[in-house]
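Below: one structure, written as structure tokens.
Numbering (our numbering), first residue to last: 385 to 772.
Here it is, written out as structure tokens:
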């Protein structure tokens, strides 16, 4: 094909590509994001940042100001000081990728946020990188202790505690008989009590993680997915095992079955929360809710994403019926695996390989230039014939 015949075809392709198409309206069933309920899950409102967010991974609510929120997403960190009505991108030069975990100190003045490769702390005046335990990033969870400055880190490997707000860390997971903990919780009533899920089992410590006790009597042998504290009873715990809810009234020493299994089995439960008389379970298929001790279950509401991974539930520390749920197109674990692979790839590249790659790219560019010149000489535009 001569260049004269090629140009009209090129113009047609470009015109077809650039024709405006009607923009599809946002469908809550298709995209992730952050949602809030003020009535224990009966109704939900989307409170996403203005930028496009396909994954809400972690939320921290200030214990002294319920309107102060830090939201970790698949594209960075956002902050709101009016309960989610307005958001600003927080330190985009620092948090350029997923923010996997976030928490406030008990005084609400300091915050910790973990990205895929590093841990950052803020006292309200910028962010600075903190030293994290080897192999802990990206973490599975951050949990504030009941003592000021105390925080627990459920790392990619290991479980750790800091008593100086992330300046130094102590490994406390040796007694768990598992390579890592996926959940860590601390009750406000007892400063040194901490609960964890490790190896698919529930564990408890009364000395800030120095010694651990297995708490599994009455639970099936299947892996425990989620664990939750009951805000109305300091001794009561809830858990999800094999699509069913269990309850303990003695800090996990004995468990009993509650209600019926959630529908659409099997599901993967990521988080569990009890609000008033409602049980909420965040799963890989959405948020399930029961108001009759698990006898009947409903899946979300019309305003929640349907059959999308709900990986996070966060409670408002001031207003108990207010709960936040985070949904993601790609789950927390999937994004963490990507972060790990990217770090492994970068770590494996040597300076010699970088120099070699640059050389190959330079040769490719030279080849492209030579090829274009040959094409022009061979298929150059035909000179117009001037009539005599």
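The beta carbon of each residue, even a glycine, is placed where N, CA and C say it ideally should be.
Can you give me the Cβ contacts of residue 615 inside the same chain, cut-off strictly under 7 Å, excluding the 5 residues immediately before and after it?
The residues are 704.
Using 8 Å as the threshold, is the C-beta distance between residue 466 and residue 451 below it?
Taking 8 Å as the Cβ cut-off, residue 466 and residue 451 qualify as a contacting pair.
So, for residue 596: in the same chain, excluding its five sequence neighbours on each side, which residues have a beta-carbon less than 6 Å away from its beta-carbon?
559, 560, 587 and 589
Could you pull the DSSP bridge partners for residue 642 from this structure?
629
Entirely within the segment 444-532 and at least 3 residues each: give me those beta strand (DSSP E) ranges in chain order.
Here the runs fully enclosed are 453-457, 460-464, 483-488, 495-499, 503-506, 511-514 and 525-528.
Let me make sure I understand the geometry here. Which of 481, 484, 624 and 475 has the alpha-carbon closest to that of residue 677?
624
Please look up how many angstroms separate the CB atoms of residue 504 and residue 709, rounded, as I've assumed it's under 8 Å.
In fact, because the Cβ distance is near 25 Å, the residues do not count as touching under 8 Å.
Shortest alpha-carbon distance to residue 335 belongs to which of 629, 473 and 528?
This structure gives no information on residue 335, because the portion of the chain shown stretches from 385 to 772.
Would you tell me roughly how many angstroms separate the C-alpha atoms of residue 742 and residue 726, rounded to the nearest one?
Interpretation of residue 742 is limited by its pLDDT of 47, a score under 50 that renders its predicted location unreliable; the figure taken from the coordinates is listed afterwards. Taking the straight line joining both Cα atoms gives about 20 Å.
Return the bridge partner residues of residue 439 from the DSSP annotation.
In DSSP, residue 439 forms a bridge with 712.
Skipping 5 residues on each side, what residues in its chain have a beta carbon closer than 6 Å to that of residue 646?
627, 672 and 681
Shortest alpha-carbon distance to residue 663 belongs to which of 675, 693 and 598?
Ranking 675, 693 and 598 by CA distance to the CA of residue 663 puts 675 first.
Answer with buried or exposed for residue 512, where buried requires no fewer than 16 other C-beta atoms within 10 angstroms of its C-beta.
exposed
Go ahead and label residue 573 buried or exposed: buried means 16 or more other beta carbons lie within 10 angstroms of its beta carbon, across all protein chains shown.
exposed
Distance check for residue 723 and residue 501, CA to CA, integer angstroms please.
8 Å
Go ahead and pull the three-state DSSP assignment for residue 432.
Annotated three-state conformation of residue 432 is coil, per DSSP.
Among 525, 695, 701 and 707, whose alpha-carbon lies nearest the alpha-carbon of residue 713?
For the residues 525, 695, 701 and 707, the minimum Cα distance to residue 713 belongs to 695.
Please list, in chain order, all residues of the same chain as residue 547 whose beta carbon is under 7 Å from its beta carbon, the five residues on each side excluded.
Counting only Cβ-Cβ distances below 7 Å, and skipping sequence neighbours, we find 533 and 534.
Give the secondary structure of residue 601 by DSSP, where H, G and I count as helix, E and B as strand, and everything else as coil.
coil
Tell me whether residue 553, by its Cβ, gets closer than 7 Å to a heavy atom of the ligand FMN.
Although the ligand FMN was asked about, the structure shown includes no ligands whatsoever.
Return the CA-CA distance between residue 421 and residue 707, expressed in angstroms with no decimal places.
5 Å
DSSP three-state call for residue 723: helix, strand or coil?
helix
In three-state terms, what does DSSP make of residue 594?
In the structure shown, the three-state DSSP call for residue 594 is coil.
In three-state DSSP terms, what is residue 662?
strand
Check for me: the beta strand (DSSP E) holding residue 699 runs from which residue to which?
For residue 699, the enclosing beta strand (DSSP E) has its first and last residue at 693-699.
Look at the alpha carbon of residue 445 and the alpha carbon of residue 711, and state the distance between them as a whole number of angstroms.
17 Å
How many Å lie between residue 510 and residue 475 at the Cα?
8 Å
What residues are listed by DSSP as bridge partners for residue 649?
When DSSP reads this structure, residue 649 sits in no beta bridge, so it has no partner.
Taking 7 Å as the limit between beta carbons, can you name the residues of its chain near residue 619, skipping five residues before and five after?
633, 634 and 635
Looking at residue 840: is its Cβ nearer than 8 Å to the Cβ of residue 565?
No answer is possible for residue 840: the residues shown for the chain start at 385 and end at 772.
Just the Cα atoms here: how many angstroms apart are residue 659 and residue 643?
16 Å
Taking the C-alpha atoms as reference points, what is the distance between residue 657 and residue 425?
10 Å
On the DSSP letters alone, give me the boundaries of the beta strand (DSSP E) that residue 686 sits inside.
Taken as a continuous stretch (DSSP letters only), residue 686 belongs to no beta strand (DSSP E), as it is neither H nor E.
Which of helix, strand or coil does DSSP assign to residue 732?
Any reading at residue 732 must be qualified, since the residue scores a pLDDT of 40, below 50, and its modelled position is unreliable; no value is offered.
May I ask you to list the residues that DSSP assigns as paired with residue 673?
664 and 682
Would you please state the rounded distance, in angstroms, between the beta carbons of residue 716 and residue 441? I believe it to be under 8 Å.
The beta-carbon distance between residue 716 and residue 441, rounded to whole angstroms, is 5 Å. This is short enough to meet the 8 Å contact definition.
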